[in-house]
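K.L.:
Okay, handing you the structure first.
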Amino acid sequence: MARLLVKFTQGYSRYNKGDTAAFGADVARKLCEGKGKVAKLMGDAADPDAGKSVLIGKVDTREVQEIVDQARTELQGRSQTLDERENSLSQQEQVLFDREAALATREADLASRETALSATAEPADTKAKTDGKKTSGEPPKQGAKT
């Protein structure tokens with residue numbers, strides 16, 4: 001007995017709307033015909049293309065052309081928007097590169113100034129340590145009177 005594929009148009013027993021199942025020919029016809037039909041016949045269950053359906057209709061070429069033109073216009077608009085964003089991002093990228101170069105120059109200048117400053121500051125520190133006088137925070141020497 002051939003099994004027929006049916007697609008449910010509404011809930012029935014354990015099947016939900018949109019479910020597909022295979023039944024014997026008599027059960028499938030009962031589900032698809034009559035006053036309480038709950039499914040539509042899709043074809044033979046052994047046929048792999050039974051569940052596929054093709055809608056053939058008449059389409060006016062003017063309508064299709066209008067839809068295509070509208071889609072083309074929309075795509076061109078989006079393309080232009082993307083080009084503008086790309087230009088904006090490349091400008092921002094260039095600004096960041098310029099700022100990075102300026103920052104590197106400032107860092108190099110600061111490093112050279114720090115080395116020059118530390119070279120001039122070292123002799124003053126060594127001179128203060130070699131003096132015999134007491135500096136603040138240093139404990140008094142043994143046996144010295146203050």
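Counting in full-length UniProt numbering, the sequence shown runs from 1 upward without gaps.
Note that the Cβ used here is the ideal one computed from N, Cα and C, for glycine as well.
1) Could you give the distance in angstroms between the alpha-carbon of D47 and the alpha-carbon of G11?
2) When the Cα atoms are used, what is the spatial distance from A136 to L96?
3) In the structure shown, what three-state DSSP assignment does V95 receive?
4) Is it buried or exposed for D125, if we count other Cβ within 10 angstroms and need 16 for buried?
5) Could you check the C-alpha separation between A22 and Y15 for me, to the nearest Å?
6) When you compare only the Cα positions, how much space is there between A116 and E100?
7) Give the range of the beta strand (DSSP E) segment to which K40 is assigned.
8) Pull up the distance between the alpha-carbon of V68 and that of G77, whole angstroms please.
9) Nearest-angstrom Cα distance between K42 and Q92?
10) Using the rule of at least 16 other Cβ atoms within 10 Å of the residue's Cβ for burial, across every protein chain shown, is L4 buried or exposed?
11) Identify the residues that DSSP records as bridge partners of A2: which are they?
12) Along the chain, where does the beta strand (DSSP E) that runs through T20 open and close?
13) According to the neighbour-count rule (16 or more other Cβ atoms, all chains shown, within 10 Å of its Cβ), is A2 buried or exposed?
14) Go ahead and pull the three-state DSSP assignment for K7.
P.N.:
From the atom records:
1) Locating residue 47 in the sequence shown gives position 47, where the first residue counts as 1. Locating residue 11 in the sequence shown gives position 11, where the first residue counts as 1. About 25 Å.
2) The residue labelled residue 136 in the question sits at position 136 within the sequence shown. The residue labelled residue 96 in the question sits at position 96 within the sequence shown. Contrary to the premise, residue 136 reads as Ser rather than Ala in this sequence. Whole-angstrom Cα-Cα distance: 50 Å.
3) Counting from one through the sequence shown, the residue named residue 95 turns up at place 95. Helix.
4) By 1-based counting over the sequence shown, the position of residue 125 is 125. Confidence at D125 is low in this model, with a pLDDT of 48, below 50, so the placement of that residue is unreliable and no value is reported for it.
5) Translated into positions along the sequence shown, residue 22 becomes position 22. Translated into positions along the sequence shown, residue 15 becomes position 15. Cα-Cα distance, rounded: 12 Å.
6) By 1-based counting over the sequence shown, the position of residue 116 is 116. By 1-based counting over the sequence shown, the position of residue 100 is 100. Approximately 24 Å, taken between the alpha carbons.
7) Counting from 1 along the sequence shown, the entry for residue 40 is found at position 40. Counting along the chain, the beta strand (DSSP E) containing K40 begins and ends at 39-44.
8) Position 68 of the sequence shown, counting from 1, holds the residue named residue 68. Position 77 of the sequence shown, counting from 1, holds the residue named residue 77. Distance between the alpha carbons of V68 and G77 is about 14 Å.
9) Your numbering for residue 42 matches position 42 in the sequence shown. Your numbering for residue 92 matches position 92 in the sequence shown. The question names Lys, yet the displayed sequence has Met at residue 42. Taking the straight line joining both Cα atoms gives about 59 Å.
10) For the purposes of this step, residue 4 is taken as residue 4 along the sequence shown, with counting starting at 1. The residue in question, L4, is buried, as its Cβ has 16 or more Cβ neighbours within 10 Å.
11) Working through the sequence shown from its first residue, we reach residue 2 at position 2. The partner list for A2 (beta bridge, DSSP) is empty, contrary to what the question assumes.
12) Position 20 of the sequence shown, counted from the first residue, corresponds to residue 20. Segment 20-24, the beta strand (DSSP E) holding T20.
13) Numbered from its first residue, the sequence shown carries residue 2 at position 2. A2 should be labelled exposed.
14) Within the sequence shown, the letter at position 7 stands for residue 7. Strand at K7.
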